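Sequence positions in the sequence shown follow my numbering and run 2 to 95.
We put the CB at the ideal spot given by N, CA and C, even for glycine.
Since this is a predicted model, take the numbers as computed values, not measurements.
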Amino acid sequence: MTDVLGWGTVLLVLCIPVVFVAVGVASLRHRADADGSPSSSGGLLGFDELFHPAAHDARLAWESEQQIPVPAPTPDRGPGVIADGKTIVIDVGD
Numbered sequence: 002m003t004d005v006l007g008w009g010t011v012l013l014v015l016c017i018p019v020v021f022v023a024v025g026v027a028s029l030r031h032r033a034d035a036d037g038s039p040s041s042s043g044g045l046l047g048f049d050e051l052f053h054p055a056a057h058d059a060r061l062a063w064e065s066e067q068q069i070p071v072p073a074p075t076p077d078r079g080p081g082v083i084a085d086g087k088t089i090v091i092d093v094g095d
């Protein structure tokens, strides 16, 4: 039985670099096929909450700012003003 465990350990040690190379090649291929931007490290964001709470709070504030909806226009003012009762004029300001 110890012979099987020994060979299993050797096989495991030899397979780890092969797995790392395969994951690296797949990552490079995915990055080349996509828009070239690196993937998100979302799994590591939990460490910010524990070890750097200010960074976590800044990340939460940034995410909430990204999700603010555009306010709906009102009939009397804003980008959706009804001009003469028949037509709707929408002014989009940049």
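DSSP-derived helix/strand/coil call for residue i
i          : result
residue 91 : strand
residue 5  : helix
residue 69 : coil
residue 57 : helix
6 Å CB neighbourhood of residue i in its chain, flanking five on each side removed
i          : result
residue 50 : 57
When the options are compared against residue i, the one with the closest alpha-carbon
i          : options           : result
residue 71 : 54, 52, 93 and 53 : 93
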